[in-house]
Amino acid sequence: MLKIVLGSGLVLGCLTAVNAQALELKGQVLDSKGFAVEGALIEVLGRSGKVESDAKGNFVLEDVDAGTELHVSAPGYSHRSLHVEAGQNQIFVRLSETVIEQIDVVGLPLHASALESAQAITVVSAQELADKAQAGLGEMLKSVPGVQSSYFGPVASSPVIRGLDGPRVLVTENGLDTGDLSRVGADHTVSAEVSTAQQVEILRGPATLFFGSGAIGGVVNVVDQRVPTESENSAYLNYGFSSVADESQAVAALSRGGESWAVRGEVLWRDGDDYKLPGELADETGEDRLDDTANEAWRYTLGGSWLFDEGYVGLAWEGDDKSYGVPGHVHEDHDEHDEHGDEHEDEHEEHHEDELLAEHEEHNDRVEAEVNQDKWQLLSEYNFDSGFFTSLNSKLGYSDFRQREFHIEEDEKILSTELKRQSWQLRGDLAHKEVGGWRGAFSADLRKSDQQNAGEEAFTPDSKTDSAALAVLEETHLGNWLLQLGARYEYSTLESLAAHDEHDAHDEHEPHEGHDDESYVGDFDFSAASLSAGVVWDFAEGYNLGLAFSHAERAPTATEVLANGAHAGTRSYELGAIYEIHEEDDGSYHLEVHPDVDVETSNNLELSFRKFSGSTAVILTGFYNEISDFYYQRNTGLHVDDLFADEHHEEEEHEGEAHEEEVHDDHGHGEDLPVYITEQDDVRLYGLEAQLIQGLGKYYKLEFWADSVRGELVDGGWLPRMPPARLGTRFDFERGPWLADLGVTHYMEQNRLAEGETVTDAYNLIDASVSYQWYAVGSDWRLSLSGENLGDVTAYVHNSYLKDEMPLPGRNLRLSLSANF
């Protein structure tokens, strides 16, 4: 049906587009009272460049075809889209005043913003990001309705969107995957840096059409200027100091350009100690700081572009060197190993010559992670002057990521784990002209990643993942209605290199075609199809309704499928979805392999109401998401010493049955770790997000917001680590050079618990900021003072793996100074 609708529109449009004639279009932009709007930006969709309205609101556009879509925007006004009719040479545009800051999304091939999309979208501006200056992406974005933080310390914090995180929330930079390991485990940092970003775009709900199956829960796209798209001569400097961790951060950026070229370089440095605990908690425990929360980072970017009338081509390199503490680690090694464990270790070292494993006595030590990443991005945009297609945006990315973890004993660093990931991605978005009233774009996406794991955190075998996808998105305006349709097909393969090595070792001379040995679980292939349909109805001036339905499928990750080992970061023993635990008559246990795993399937319905004109703005969104074959970690209630007793190890060693695998605690994390196994089940997630913004005269604004999500198994029971409901309020003041705000967020008690979870108490977080801006010595300056957790309350994050041992930081004051030259 989708193909018929889109195909019919394209054919009809091709027959009518022949008669379209280019013309000069004059226009005027007015506000709701009929006064001229100066400085409004008028964009012809599908064409590079914008024109600006003059003091009388007038503008002129050259060579405009009939049926062309215009987009008009201005600060303090809601955006407006309209079409040029045949023979029309003059147009009047009326914009409605609004208290909602509306920023366009650049990560999608078609135009979108918070008030013009069927799906919930939020865009965080560069100034807001610079003021917060958090080390972790999740902490930077947790004040957005519908978004919270997984929180594994201030650095390893990842966004949680509507209760989903990890491999279901894709984090990208300029539309390309970050190439790190943050989607694999909560204790891994997100490599994307937002302190220097132009904006951060958050798409809540399934965004798989143009971002891939990993975006089944949403997308966070960090947009920066590493590849310059226009010629400018500017510089930016920023320095900030935060009291809670005695942390300093400095950023410097320089842009230079000529008529046909542009270059840009950025440097970021951050250095912070372990953060201070809230005063009440420090008094109770006798410890004033949380161990293993210090961090240090250097980040460099250098990019250059060739600029031409039709677009640009640019290349950028990024180098990251980061070290940070991994809180909550307990490391328990034993000098003695059983015979079977030694055999397994010898075999493991044969395939991982660079692995360094150490023998230690039982201890509770500190752990530090070092991250090094080289990243390249080749970005281009070309706008066609004629023909069926209007623009081609291409993106090519390469990442070489390496993370090493060290145990620190008496100032000696002992390498325990080394994780590597090399990844490629090639993506192209090809937009076409309006045809039969339909505008749209086609997308192709190729990805390849190779991951190697060695050491005691190597609970997942080495693996390779490849994927290829095609997608199409079309939209049309029918009077006051905007209709959006989309489809994507993705094929991916997952290859376990360890399984290949093991299979080769067992029978070097047997061909692998067909894999007759049922214990062989090295190769998987998945087909994922996604469909979406959305409509936005402008039913009155300054009001609209949005309705979106999406069917999205996701292929599982290597960790979800193949995990088999101790994960000290989350203090658990993790088993992938290919394993089943069976209990024998004598009370012992063994694992059986069942390599049949399915894609995860989501059916999501979302309804939004928006009032955006005038001094009062309201956005209400409700969503309901049913996910079949949902991958989640279930607490088995067993521990390692229950599951794999020594006598059972010896028995299985001699039996050597093909259908059973033994799990060895070779990595030395103790025998008391709880065992979690990844299972597939049907679940539902549903919730609400609400914002009310009230303008109070010329200088003041008051905002109320709330969000809530519930996740439950269809057969009964709650999903683990579901974030609590929240209520928030914020008061803003802006007059002349002064800006100030005061906010309070109430986190409700979370008592809807999965097996093994405990209640998380309610708490209130208070934050505030004040800043002053001025112009001096040819530069714009800004001095800011902000505070977080001003009440110095003790607060725990329910969706953290180590909730009870990782409270949020105490009171923090941050002073920052920035200058734009």
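According to this note's numbering, the sequence shown is numbered sequentially starting from 89.
The beta-carbon is built from N, C-alpha and C at its ideal position, and this holds for glycine as well.
Everything numeric in this text was worked out from a predicted model, so none of it was measured.
* Complete beta strand (DSSP E) runs within the region 507-560 (minimum length 3 residues, chain order) -> Runs of beta strand (DSSP E) with 3 or more residues, each lying fully within the region 507-560, are found at 526-543, listed in chain order.
* the region 501-513 contacting the region 541-552, beta-carbon criterion three pairs below 8 Å -> Because the criterion of three Cβ pairs below 8 Å is met, the region 501-513 and the region 541-552 touch.
* If you check the beta carbons only, do V624 and A206 fall under 8 Å apart? -> Against a cut-off of 8 Å, the Cβ pair of A206 and V624 comes out as a contact.
* What span of residues does the beta strand (DSSP E) with D371 cover, start to end? -> Taken as a continuous stretch (DSSP letters only), D371 belongs to no beta strand (DSSP E), being part of the alpha helix (DSSP H) at G367 to T373.
* Buried or exposed: where does E837 fall if 16 or more other Cβ atoms within 10 Å of its Cβ makes it buried? -> Per the 10 Å Cβ criterion, exposed.
* Use the C-beta contact count for D268: other C-beta atoms within 10 angstroms, 16 or more gives buried, fewer gives exposed. => Taking a 10 Å sphere around the C-beta of D268, we find 16 or more other C-beta atoms and assign the residue as buried.
* Asked: Roughly how many angstroms lie between the CA atoms of S319 and D397, to the nearest whole one?
  -> The alpha-carbon atoms of S319 and D397 are separated by roughly 12 Å.
* Same chain only: Cβ atoms within 7 Å of R722, ignoring 5 sequence neighbours per side -> So the qualifying residues of the chain are Y764, I765 and E767.
* Asked: Within 10 angstroms of its Cβ, does D760 collect 16 or more other Cβ (buried), or is it exposed?
  -> Exposed, by the Cβ-count rule.
* To do: Kindly identify the DSSP beta-bridge partner or partners of V351.
  => V351 pairs with R344 and G392.
* To do: Identify whether P762 lies in helix, strand or coil by the three-state DSSP scheme.
  => Here DSSP, grouped into helix, strand and coil, assigns P762 to strand.
* Asked: DSSP on R698, reduced to helix/strand/coil?
  -> Per DSSP, reduced to three states, the secondary structure at R698 is strand.
* For S638, which three-state DSSP category applies? -> The answer is strand: DSSP assigns S638 an E or B state.
* Count the other CB atoms within 10 Å of the CB of W916; is the residue buried (16 or more) or exposed (fewer)? -> Residue 916 is absent from the model: the chain starts at 89 and stops at 909.
* Please determine, among G402, Q491, S330 and E335, the residue with the shortest C-alpha to C-alpha distance to S348. => Of the candidates G402, Q491, S330 and E335, the residue whose Cα lies closest to the Cα of S348 is G402.
* Report the partner residues of K501 according to the DSSP bridge assignment. => Answer is I496.
* To do: Classify R823 as buried or exposed, calling it buried when 16 or more other Cβ atoms lie within 10 Å of its own Cβ.
  => By the neighbour-count rule (16 or more Cβ atoms within 10 Å), R823 is not buried but exposed.
* If we ignore side chains and look at the alpha-carbon of each, how far apart do Q178 and G710 end up? -> Taking the straight line joining both Cα atoms gives about 41 Å.
* If we count the other Cβ atoms within 10 Å of its Cβ and call it buried at 16 or more, is Y712 buried or exposed? -> Burial call: exposed.
* Run through the region 175-231 for me and flag every whole alpha helix (DSSP H) of 4 or more residues, listed as ranges in chain order. => Runs of alpha helix (DSSP H) with 4 or more residues, each lying fully within the region 175-231, are found at 214-220 and 225-229, listed in chain order.
* Using the Cα positions of S40 and V685, report the straight-line distance between them to the nearest angstrom. => A query on residue 40 cannot be resolved here, the shown segment of the chain reaching from 89 to 909 and no further.
* **Three-state secondary structure assigned by DSSP to L731** => Correct three-state label for L731: helix.
* To do: Starting from the C-beta of G866, find all residues in its chain whose C-beta is less than 8 Å away, skip the five residues before and the five after it, and write them out in chain order.
  => Short of 8 Å from the beta carbon of G866, and not among the five residues preceding or following it, lie these beta carbons of its own chain, in chain order: F909.
* **Proximity to P808 [Cα-Cα], best of V125, L252, H639 and A154** => Comparing Cα positions, the closest option is L252.
* Asked: Name the DSSP beta bridge partners of D868, please?
  -> D868 is bridged to Y863 and N908.
* To do: Tell me whether the beta-carbon of G300 lies closer than 8 Å to the beta-carbon of A640.
  => Contact: no.
* Contacting residues, own chain, Cβ-Cβ under 8 Å from E563 (five flanking each side not counted) -> L198, W526, R527, G528, L570, L571, Q572 and L573.
* To do: Between the Cα of F329 and those of E578, A338, A323 and L784, spot the shortest distance and give me the residue it belongs to.
  => If we check each option's Cα against that of F329, A338 comes out closest.
* To do: Give every residue of the same chain whose Cβ lies closer than 8 Å to the Cβ of D376, excluding the five residues on either side of it in the sequence, and list them in chain order.
  => Here the set comprises K364, L365 and A370.
* Output yes or no for whether 8 Å exceeds the beta carbon distance between I666 and H682. => Cβ atoms of I666 and H682: closer than 8 Å.
* Asked: In terms of alpha-carbon separation, which member of A333, Q313, S331 and T317 lies closest to E324?
  -> Before going further, note that residue 324 is Tyr rather than Glu in the sequence given. Out of A333, Q313, S331 and T317, Q313 has the C-alpha closest to the C-alpha of Y324.
* List in chain order: all unbroken beta strand (DSSP E) runs of 3+ residues lying wholly within the region 131-155. => Within the region 131-155, the complete beta strand (DSSP E) runs of at least 3 residues are 138-140 and 146-153.
* Asked: Which partner residues does N321 have in the DSSP bridge list?
  -> N321 pairs with nothing; no bridge assigned.
* To do: Could you tell me whether the region 796-806 touches the region 772-780, where touching means 3 or more Cβ pairs closer than 8 Å?
  => Using a Cβ-Cβ distance cut-off of 8 Å, the region 796-806 and the region 772-780 are in contact, since at least three pairs of beta carbons, one from each stretch, lie closer than that value.
* To do: Name the two residues that bound the continuous beta strand (DSSP E) containing T581.
  => Element bounds for T581: W569 to S584.
* To do: Please classify F472: does DSSP put it in a helix, a strand, or coil?
  => F472: coil per DSSP, three-state reduction.
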